[in-house]
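As structure tokens, the structure follows; a few thoughts come after it.
In our numbering, the protein residues as written are -19 to 140.
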């Protein structure tokens, strides 16, 4: 599970991340709008990224380059069984009021946040499992067009 962010963590701004990954800031904003990740924002709304956030953006890029569309990635993430992971009182996806869209992960539902506890979605074990979707795709025996997506977070030169 990811550890909660604190003001002392090494955080980088969105422009630095975009430059290092060779993508535009608008692309990162679009990934956020599409529910592919949750940005850390300060009170002024400025986005900053932890090492784990950057690792996930690298993984997203690999998934996209392997031929999975953004709706496909969202759909794979929607298969993460949050009701089992969180051991909440709902018995399945269809009973959970947070999951209103079977094509998006629970954290993408901005209207109904999970109320089982006061935990932020960024800190939830379900959100941490997003790194497993490359492995999920492999388990379903769907072939990648390029190199396989690693279940381990990639190493990015931002923090070395």
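Note that beta-carbon positions come from the ideal geometry of N, C-alpha and C, so glycine has one too.
Let me check understanding here. Comparing Cα to Cα, which of the options lies closest to residue i?
{"i": "residue -9", "options": "29, 55, 16 and 103", "result": "29"}
{"i": "residue 58", "options": "36, 26, 86 and 47", "result": "86"}
{"i": "residue 16", "options": "5, 25 and 51", "result": "51"}
{"i": "residue 1", "options": "21, 36, 14 and 12", "result": "36"}
{"i": "residue 146", "options": "112, 104, 110 and 27", "result": "Beyond the ends of the chain as shown, which are -19 and 140, falls residue 146; an answer cannot be given."}
{"i": "residue 38", "options": "7, 104 and 106", "result": "7"}
{"i": "residue -1", "options": "34, 10 and 23", "result": "34"}
{"i": "residue 22", "options": "-7, 114 and 113", "result": "-7"}
{"i": "residue 55", "options": "19, 101, 83 and 32", "result": "83"}
{"i": "residue 103", "options": "32, 45 and 114", "result": "32"}
What does the Cβ neighbour count give for residue i, buried or exposed, with the cut at 16 atoms within 10 Å?
{"i": "residue 88", "result": "buried"}
{"i": "residue 49", "result": "exposed"}
{"i": "residue 47", "result": "exposed"}
{"i": "residue 13", "result": "exposed"}
{"i": "residue 126", "result": "Note that residue 126 scores 47 on pLDDT, short of 50, meaning its location in the model is unreliable and no value can be drawn from it."}
{"i": "residue 25", "result": "exposed"}
Please check the pair residue i and residue j, which I expect to be a contact at CB under 8 Å, by giving their CB distance rounded to whole angstroms.
{"i": "residue 40", "j": "residue 60", "result": "That pair is no contact at about 15 Å."}
{"i": "residue 101", "j": "residue 18", "result": "6 Å"}
Under a three-way DSSP split, which group does residue i fall into?
{"i": "residue 122", "result": "Bear in mind that a pLDDT of 48 at residue 122, under 50, signals an unreliable position, so the model cannot answer this."}
What residue ranges within the stretch -4 to 49 form continuous beta strand (DSSP E) runs of no fewer than 3 residues, ordered along the chain? 27 to 29
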